[in-house]
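Peer 1: I am attaching a structure below and will ask some questions about it afterwards.
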Amino acid sequence: DGGITQSPKYLFRKEGQNVTLSCEQNLNHDAMYWYRQDPGQGLRLIYYSQIVNDFQKGDIAEGYSVSREKKESFPLTVTSAQKNPTAFYLCASRTSEVNTQYFGPGTRLTVL
Amino acid sequence: AQKVTQAQTEISVVEKEDVTLDCVYETRDTTYYLFWYKQPPSGELVFLIRRNSFDEQNEISGRYSWNFQKSTSSFNFTITASQVVDSAVYFCALSGSLIQGAQKLVFGQGTRLTINP
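If you read the protein sequences in the order shown, they are chains A and B.
Going by our numbering, the first residue of the first sequence is number 1, and it counts up by one from there.
Going by our numbering, the first residue of the second sequence is number 1001, and it counts up by one from there.
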């Protein structure tokens, strides 16, 4: 089946630890995105990537890092510099021709 | 700057009622896209519709319909004969054109819709 997968579904982190969230897509999409959702709020863009080995900061990139070594993969690392990382993280992707983003199932990160 | 406002934080109706979710947007772009997404309790955002700024025709898909009015910068979503399965959070979103480098979706705060049996 084609789609976007995110793992893990739930993630618990101790303060001071870095954690990496996985996002994989087999849709052959060129662009990939990471969004953060806080309770009762809309989504905010963290990072995006249009092509392999290239990515740009979104609105709330501080405390996060990404890589895009393969077209199908766009992992997000939440570093200890992110002061309030507890949130729901959603990955999305789209083709270069059509302006519609499709979303994965999300990862819920909780800092203990 | 682009902005999307969904003034209705929560709506609760009884099954089979019609319900309209409001969306008002702000942009200086002449070419832009509007979207609606559904977020069920599982959390995944499900794409419902995309509309470009040059197409003001209303669209109907089954029980769903969308009313796009550039004159009032609105893109409202109506569910006819609502069902319990329609219960979810609905997001309206806005982006620029691909030529302009449409790399970001700007989301509204979302409207939580509860359909009671």
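Where is the CB? At the ideal position from N, CA and C, for every residue including glycine.
Could you tell me the distance, in whole angstroms, from the CA atom of alanine 1007 (chain B) to the CA atom of threonine 1111 (chain B)?
Peer 2: Those two C-alpha atoms are separated by around 8 Å.
Peer 1: When you check each C-beta in the region 1023–1038 of chain B against every C-beta of chain A, which residues fall closer than 7 Å?
Peer 2: Taking 7 Å as the Cβ-Cβ cut-off against chain A, the residues of the region 1023–1038 of chain B that qualify are Tyr1033.
Peer 1: Can you pull out the residues from the region 1043–1071 of chain B whose beta carbon lies closer than 7 Å to at least one beta carbon of chain A?
Peer 2: Within the region 1043–1071 of chain B, the residues whose Cβ lies closer than 7 Å to some Cβ of chain A are Gly1043, Glu1044, Leu1045, Phe1047 and Arg1050, listed in chain order.
Peer 1: Whose Cβ in chain A lies nearer than 9 Å to the Cβ of lysine 1104 (chain B)?
Peer 2: What lysine 1104 (chain B) touches in chain A: Tyr33, Leu45, Tyr48, Gly58 and Asp59.
Peer 1: Against glutamine 1109 (chain B), what residues of chain A qualify as contacts under a CB-to-CB distance less than 9 Å, listed in chain order?
Peer 2: Within 9 Å Cβ-Cβ: Gly40, Gln41 and Gly42.
Peer 1: List the residues that DSSP assigns as beta-bridge partners of glutamine 1083 (chain B).
Peer 2: Answer by DSSP bridge pairing: none, since glutamine 1083 (chain B) is not bridged.
Peer 1: In chain order, what residues of the region 71–101 of chain A put their CB closer than 7 Å to some CB of chain C?
Peer 2: No chain C is present in this structure, whose protein chains are A and B.
Peer 1: Could you name the residues of the same chain whose beta carbon sits closer than 6 Å to that of asparagine 1116 (chain B), not counting the 5 residues immediately before and after it, in chain order?
Peer 2: These residues qualify, in order along the chain: Val1014.
Peer 1: Taking C-beta pairs closer than 7 Å, name the residues in chain A that phenylalanine 1091 (chain B) reaches, listed in chain order.
Peer 2: Correct list: Gly42.
Peer 1: Less than 7 Å separating the beta-carbons of phenylalanine 1068 (chain B) and arginine 1050 (chain B)?
Peer 2: No. Outside cutoff.
Peer 1: Does phenylalanine 12 (chain A) have its Cβ less than 7 Å from a Cβ in chain B?
Peer 2: Not an interface residue.
Peer 1: Taking its Cβ as the centre, do 16 or more other Cβ atoms sit within 10 Å of isoleucine 1060 (chain B), making it buried, or is it exposed?
Peer 2: By the 10 Å Cβ count, isoleucine 1060 (chain B) comes out exposed.
Peer 1: Evaluate the contact criterion for the region 1069–1077 of chain B versus the region 88–103 of chain A: three or more CB pairs, one atom per stretch, below 8 Å.
Peer 2: Contact fails: fewer than three Cβ-Cβ distances are below 8 Å.
Peer 1: So is asparagine 99 (chain A) buried or exposed if we call it buried at 16+ other beta carbons inside 10 Å?
Peer 2: Label assigned to asparagine 99 (chain A): buried.
Peer 1: Indicate whether the contact test is met: 3 or more Cβ pairs, each with one atom in the region 47–67 of chain A and one in the region 1015–1035 of chain B, closer than 8 Å.
Peer 2: Counting Cβ pairs under 8 Å, fewer than three are found: no touch.
Peer 1: Which class does threonine 86 (chain A) belong to by DSSP, given the choice of helix, strand or coil?
Peer 2: Correct three-state label for threonine 86 (chain A): coil.
Peer 1: Given that phenylalanine 103 (chain A) touches chain B, what residues does it touch there, using C-beta distances under 7 Å?
Peer 2: Simply Glu1044 and Leu1045.
Peer 1: Enumerate in chain order the residues of its own chain whose CB-to-CB distance from threonine 20 (chain A) is below 6 Å, with the five nearest sequence positions on each side excluded.
Peer 2: The answer, listed in chain order, is Pro75 and Thr77.
Peer 1: For a contact meaning CB atoms closer than 7 Å, what does glycine 106 (chain A) contact in chain B?
Peer 2: Per Cβ cutoff of 7 Å: Gly1043 and Glu1044.
Peer 1: Less than 7 Å between the beta carbons of leucine 1021 (chain B) and tyrosine 1064 (chain B), yes or no?
Peer 2: No, Cβ-Cβ distance for leucine 1021 (chain B) and tyrosine 1064 (chain B) is not below 7 Å.
Peer 1: Whole angstroms is fine: what's the gap from threonine 1009 (chain B)'s alpha carbon to leucine 1094 (chain B)'s?
Peer 2: The straight-line gap from Cα to Cα measures roughly 18 Å.
Peer 1: For phenylalanine 1107 (chain B), tell me which candidate among B:Gln1039, B:Val1085, B:Ser1071 and B:Asn1058 has the shortest Cα-Cα distance.
Peer 2: It is B:Gln1039.
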